[in-house]
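Data block below; observations after.
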Amino acid sequence: MNLLKQGLLLLGMLGGLVTEPLSSRAKLVTRTEFARGQLPRMTQWSQFQSADRTTDRAPLAVGPVWTPATQRWQQTTITYRLAPMSAYYRQIWRSAARHWSRVSLINLVETKAKSADITVQTKKQPAHVAPSIVGMTTSRHYSRTKLANLNVLATATATLYRDTTKALRYTRLQRIHVAEHEFGHTLGLQHAPFQQSVMYYVTRDRTITVADIRGIQRAYAN
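In my numbering, the protein residues as written are 44 to 265.
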């Protein structure tokens, strides 16, 4: 089926990733653990934004055992392109892509082609964006095509604001966690209602968890 004939949904969605003063450690599950079956296998224009703020006033939510998703790619091998940026930030994004590929059903492959599924970039924060925001993701999905009852992604762009992370004195590892969060959005994951997840709207010291991997498994099961 030619998905280009299915049309694109013109709809805006917003979410947020916010900065935090607290430290919370999360376990990064390895592909070996995944292979051992330690995780259960469960079966218009769309714009998504995520940011990282300085305070965390939300209570610890009791949510599902997986991070929710509303979108997915048609395939599990997904290409991404690095927009022009410093070598430092290229390694930030590459590390985040490696982490997702290592622990999930997804294989993120870097390419120089402008036709890449995902574009990742690092730039100065625009004046209209709240100063607490450190990252943002926008995406488009097809309006009349669904897989596993999820919208099928057409393109996605993830952004990390270098001036904000510098002003907030983020470490290299913390910037990788923000990049992991944004990559999660480009794969279709939404914000998680539990604080341990890398997809929680406040992310600095959180990395990919079992719940995030289950969210990918659930979204890409078919």
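Note that CB positions come from ideal geometry on N, CA and C, so glycine has one too.
Please read all numbers here as calculations on a predicted model, not as lab measurements.
The criterion of a C-beta distance shorter than 8 Å is not satisfied by L230 and M242.
For L211, no pairing in a beta bridge is given by DSSP. Contact annotation: E225 and W143 have beta-carbon atoms that are not nearer than 8 Å. Put simply, the backbone Cα of T188 is about 30 Å away from that of L203. Rounded to the nearest angstrom, the Cβ distance from S138 to I219 is 5 Å, consistent with a contact under 8 Å. Exposed is the label assigned to Y131, since fewer than 16 other Cβ atoms lie within 10 Å of its Cβ. For H142, the enclosing alpha helix (DSSP H) has its first and last residue at A130 to V146. Residue environment for L196: buried (at least 16 other C-beta atoms within 10 angstroms of its C-beta). Secondary structure at R187: strand, using DSSP grouped into helix, strand and coil. In this structure, S240 places its C-beta atom within 8 Å of the C-beta atom of T110.
Annotation: Y213 to I251 spans about 18 Å, alpha carbon to alpha carbon. In this structure, R115 is the residue among R115, V108 and A262 with its C-alpha nearest to the C-alpha of S186. Secondary structure of A173 (DSSP, three-state): coil. Where Q260 is concerned, the enclosing alpha helix (DSSP H) starts and stops at V253 to A262. Going by DSSP, Y204 is part of the beta strand (DSSP E) stretching over L193 to Y204. Taken through DSSP and simplified to helix, strand or coil, R218 comes out as helix. Secondary structure of T229 (DSSP, three-state): helix.
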